[in-house]
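**Student:** In terms of my numbering, the sequence shown has 70 at position 70, counting the first letter as 1, and numbering is strictly consecutive. Where a beta carbon is used, it is the ideal one built from N, C-alpha and C, also for glycine. Would you mind keeping the following structure in view while I ask a few things?
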Amino acid sequence: MVDFKERSTKESVCEFLRQIRKANPNRKILIVLDNFGSHHAKKTRSVAKELNITLVFLPPYSPDLNPIEYIWKSIKRKLSPQLINTEEELKTKV
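Below, the structure written as structure tokens:
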């Protein structure tokens with residue numbers, strides 16, 4: 001599991017790819033990504049190619065194809081009426 005505490009930058013995405021490859025040295029890897037800028041960055045695509053990782057991009061403006069969007073929607077619905085003051089409190093409620 002990769003835990004991101006920082007913004008998604010091309011560097012953090014490349015590090016994620018390296019960690020995935022390290023954990024799966026002899027396996028075929030295909031990752032489906034949305035169209036966030038750091039996912040499409042030239043450096044990201046270059047590192048993926050170097051690591052023999054296939055990147056597949058969702059079509060633009062298609063949140064219905066991105067499973068995480070359903071999770072975000074559910075979390076927003078449950079948490080929006082609540083006041084959350086700390087990261088720990090947020091983790092507990094999620």
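By Cβ distance, which residues of its chain are closer than 8 Å to residue 56, with the 5 residues on each side in sequence left out?
**Tutor:** Excluding sequence neighbours, residue 56 sits near 30, 31, 32, 33.
**Student:** Using beta carbons (cut-off 9 Å, strictly below), is residue 89 in contact with chain D?
**Tutor:** Looking at the structure shown, chain D is missing, and only one protein chain is on hand.
**Student:** Return the chain-ordered list of same chain residues with a C-beta closer than 6 Å to the C-beta of residue 65, the five sequence neighbours on each side being excluded.
**Tutor:** Cβ within range, chain order: 58.
**Student:** Taking Cβ positions, are residue 93 and residue 79 nearer each other than 9 Å?
**Tutor:** In this structure, residue 79 lies closer than 9 Å to residue 93 by Cβ.
**Student:** When the Cβ atoms of the segment 37 to 48 are set against those of the segment 5 to 14, are three or more pairs found closer than 8 Å?
**Tutor:** The answer is yes - the segment 5 to 14 touches the segment 37 to 48, with three or more Cβ pairs under 8 Å.
**Student:** For a test of your reading of the model: does the CB of residue 72 fall under 8 Å from any non-hydrogen atom of the ligand ZN? Yes or no.
**Tutor:** Because no ligand of any kind appears in the structure shown, any question about the ligand ZN cannot be addressed here.
**Student:** Per DSSP, which one or two residues make a beta bridge with residue 84?
**Tutor:** BP columns for residue 84 are empty, so no partner.
**Student:** Indicate the three-state DSSP secondary structure (helix, strand or coil) for residue 32 in the structure shown.
**Tutor:** DSSP places residue 32 in strand when its eight states are reduced to three.
**Student:** What residues match up with residue 56 in a beta bridge as DSSP calls it?
**Tutor:** According to DSSP, residue 56 bridges with 32.
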